[in-house]
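**Q**
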Amino acid sequence: MKFQVGDPVYVMSTGEEGVISEFIGKDMAVVKVGTKPFHAFLSDLDHPYFRWFTQKKKTGKLPEVSSILPEKGSKRERVLPMGLYLLFFPEFQFDGFDEVVQRVKVFLLNETFGTVNFSYACQGKNGRIFSLDGDLRSGGDIYLHDLDFESASQHPRFEYSFTDPSDPRREAEGEWGLKPKRFFQKMDELRYANKAMFEHLLVEKLAERPRLEVVKPDLLTRKTEVLPQSAFDFRQARHQGSREVDLHIEKLCPDHNGMKASEILEIQLRACQKALDLAHATQQQALVLIHGVGKGSLRQEIHRLLDQTIWVKKYVHGYDNRYGYGATEVFFRS
0 MKFQVGDPVY
10 VMSTGEEGVI
20 SEFIGKDMAV
30 VKVGTKPFHA
40 FLSDLDHPYF
50 RWFTQKKKTG
60 KLPEVSSILP
70 EKGSKRERVL
80 PMGLYLLFFP
90 EFQFDGFDEV
100 VQRVKVFLLN
110 ETFGTVNFSY
120 ACQGKNGRIF
130 SLDGDLRSGG
140 DIYLHDLDFE
150 SASQHPRFEY
160 SFTDPSDPRR
170 EAEGEWGLKP
180 KRFFQKMDEL
190 RYANKAMFEH
200 LLVEKLAERP
210 RLEVVKPDLL
220 TRKTEVLPQS
230 AFDFRQARHQ
240 GSREVDLHIE
250 KLCPDHNGMK
260 ASEILEIQLR
270 ACQKALDLAH
280 ATQQQALVLI
290 HGVGKGSLRQ
300 EIHRLLDQTI
310 WVKKYVHGYD
320 NRYGYGATEV
330 FFRS
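For the sequence shown, numbering that gives the first Met the number 0 assigns the number 0 to the initial residue and increments by one for each residue that follows.
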């Protein structure tokens, strides 16, 4: 059964906690709250573990209004090791012979020291079940969605990505699948250990993307430097020079499936740097960098690179009939 005699329970209709002392039929039980017993429907009862898990239990009498001090913004203590977790809370139902899983509630828990932006999606056998983008403060949790028994037992996949809003370079992403064997094993463990939930660690901490080093040439030494005859083929470079460069990953690396977002961004920035170097070497007046619209991460990194390039006079990002808002035009110093 979902409950047993002696189990602590939370009465949803009154917000009180008590202990089951006996059952009355299949649908009701006698619950003791303090020393007072009363009858309650099983559908109105729930395990209090999640409330204990996420909240500190309040004790004592309510304070007078005049004695309430301004909130100091204190955070609850972490109940799990550092990281970002998925929590699974199964709901059991007695079918007359045994307990069966009716559905599984899925939560996202932030046990890190900072707020994170997240992008979450759950893929089932027949396509996407649920997706959500948002932010989650430190020590916070958010209810995502339910999984019925059929979906939970058919190897659902959970796709996720996290970003630090104060430093977008710190990120983490990945995918995890709940295999049927693992799911049934966890259900048995919860049933026999009388626990309410199990968790899975998605990310321990956010890692900073590798920075692309931009080497600035020394203009004073550049004039007197004598390069070998074979160091630079001007004719070849002139032939390779282009008025515009498409930085979409499909154009740069056709076989990009399976690459991480950080790896794709690094390839695109290297191609951008190469195009800038080539345009400067061939004395081009301007160059169009096609980066697309998307979430704007590539555009921001390209503009940061342009700010650090000394032979860039200015660059313009606006609406263009040919590219929309998906391109930046760069003008070079003469």
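Even glycine gets a Cβ: it sits at the ideal position worked out from N, Cα and C.
Threshold first: 4 residues or longer. Then list the alpha helix (DSSP H) segments lying entirely within the region 240-296, N to C.
**A** With a minimum length of 4 residues, the continuous alpha helix (DSSP H) runs that stay inside the region 240-296 are 248-251 and 260-280.
**Q** May I ask you to report which of helix, strand or coil DSSP gives GLN299?
**A** helix
**Q** Assuming MET186 and PRO253 are in contact, meaning their beta carbons sit under 8 Å apart, how far apart are those beta carbons, in whole angstroms?
**A** About 44 Å; that fails the 8 Å criterion.
**Q** Going residue by residue through the region 119-190, where are the continuous alpha helix (DSSP H) segments of at least 4 residues, counting only ones entirely within it?
**A** 148-151
**Q** Does the region 178-192 come close enough to the region 275-282 to have 3 or more Cβ pairs within less than 8 Å?
**A** no
**Q** Output needed for ILE248: all residues of its chain with C-beta closer than 6 Å, excluding positions within five of it in sequence on either side, in chain order.
**A** Closer than 6 Å at Cβ, skipping near neighbours: HIS255 and ILE263.
**Q** Can you tell me where the beta strand (DSSP E) with ARG102 in it begins and where it stops?
**A** 98-110
**Q** Determine the closest residue to ARG136 out of LEU107, LEU86 and SER152, with distance taken between C-alpha atoms.
**A** LEU107
**Q** In three-state terms, what does DSSP make of SER12?
**A** Looking at SER12 - three-state DSSP - the assignment turns out to be coil, as it is neither helix nor strand.
**Q** Buried or exposed: LEU201, going by 16 or more other Cβ atoms within 10 Å of its Cβ?
**A** Taking a 10 Å sphere around the C-beta of LEU201, we find 16 or more other C-beta atoms and assign the residue as buried.
**Q** Would you mind working out which of GLN92, GLN267 and PRO164 sits nearest PHE2, comparing C-alpha positions?
**A** Per the Cα distances, GLN92.
**Q** Would you kindly work out how many angstroms separate the C-alpha atoms of GLY295 and GLY176, rounded to a whole number?
**A** Per the coordinates, the alpha-carbon of GLY295 lies some 29 Å from the alpha-carbon of GLY176.
**Q** Find out if the Cβ-Cβ distance for the pair VAL20, VAL32 is shorter than 8 Å.
**A** The amino acid occupying residue 20 in the given sequence is Ser; Val does not appear at that position. Not closer than 8 Å, so no.
**Q** Is the Cβ-Cβ distance between LEU205 and PHE161 less than 8 Å?
**A** yes
**Q** Looking only at its chain, what residues have a beta carbon closer than 8 Å to the beta carbon of LYS259, apart from the 5 residues adjacent to it on each side?
**A** GLU172
**Q** Taking Cβ to Cβ, would you say PHE117 is nearer than 8 Å to ASP134?
**A** In this structure, ASP134 lies closer than 8 Å to PHE117 by Cβ.
**Q** Rounding to the nearest angstrom, what Cα-Cα distance links GLY240 and LEU275 in this structure?
**A** Note on GLY240: pLDDT 49, under 50, position unreliable in the model; no value is reported.
**Q** Nearest CA to the CA of LEU86: which residue from GLU98, LEU79 and VAL105?
**A** Closest in alpha carbon position to LEU86, among GLU98, LEU79 and VAL105, is VAL105.
**Q** Give the single residue among GLN284, HIS316, ASP306 and PRO179 whose Cα lies nearest to the Cα of PRO155.
**A** PRO179
**Q** Starting from HIS38, follow the beta strand (DSSP E) in both directions and report where the run begins and ends.
**A** 35-40
**Q** Roughly how far, in whole angstroms, is the beta-carbon of TYR9 from the beta-carbon of PRO47, given that I think they are within contact range, below 8 Å?
**A** 4 Å
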